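See below for the structure under consideration.
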Amino acid sequence: MLLLGIVHLLLNTLAALLGGALLLRVYLSWARIGGRNPLFQFSWALTEWLVKPFRVLLPGRGRVDWPCVLAAVIVALAFLLLKRLTGIGAALDWPLLVAQVLGLVLHWSLYMLTVLIFIYVLLSLINPHAPLFPTFDLLTRPLLAPFRRVLPLMGGFDLSPIAFLVVVQILLLILDWASL
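Going by this note's numbering, the first residue of the sequence shown is number 23, and it counts up by one from there.
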């Protein structure tokens with residue numbers, strides 16, 4: 023039983039990191055950040071081996087990097103199937119498999135956005151002149167803008183990241199409750 027728990031932890035960690043890197047690449051593409059940006063180069067180096075075959079099938083169009091989205095969906099599907107094959111996960115409900123896969127991708131997306139917000143807040147407190155700070159500012163600005171319109175600065179502190187994280191945690195609770 024302990025060995026299965028370790029296998030589950032490793033599978034979950036690898037799938038979440040790979041799925042998160044793919045979704046980060048999608049978000050970077052949507053924000054039109056690419057090329058020489060170190061964050062883009064990092065996500066590209068982690069995921070290009072998986073995305074490359076999907077580029078042949080589905081060329082990228084517009085602001086959404088569809089091959090990366092498809093790769094994230096495939097990783098989520100493979101993760102759910104591997105969990106089931108190793109006897110860790112609950113029985114797959116085949117009619118709901120698409121919803122489970124999309125729910126897992128949404129779960130990874132919310133965690134990826136949470137990590138972006140945490141890094142942004144840490145950089146803004148520790149070193150707002152760091153080379154990557156403008157990138158994280160650009161990525162988090164559209165996420166925090168609705169909260170910044172409603173929440174005033176409190177003693178010079180921006181509380182919008184806290185409000186955003188509370189909303190993300192509520193969404194994650196709803197996803198967990200729905201067992202997606």
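Virtual Cβ for every residue (Gly too), placed ideally from N, Cα, C.
Nothing here was measured: the structure is a model prediction, and the numbers come from that model.
Under the three-state reduction of DSSP output, residue 23 falls in the coil class, being neither helix nor strand. DSSP links residue 176 through a beta bridge to 179. DSSP, reduced to helix, strand and coil, places residue 54 outside both helices and strands of the structure shown, so it counts as coil. Comparing C-alpha distances from residue 29 to each of 188, 147, 106 shows the shortest one belongs to 106.
Only buried fits residue 42, as 16 or more other CB atoms lie within 10 angstroms of its CB. Here the alpha carbons of residue 62 and residue 55 stand approximately 7 angstroms from one another.
Residue 171 has its alpha-carbon roughly 18 angstroms from the corresponding atom of residue 190.
If you draw a straight line from the Cα of residue 27 to the Cα of residue 97, it comes to about 20 angstroms. Within 10 angstroms of the beta-carbon of residue 183 lie 16 or more other beta-carbons, which makes it buried.
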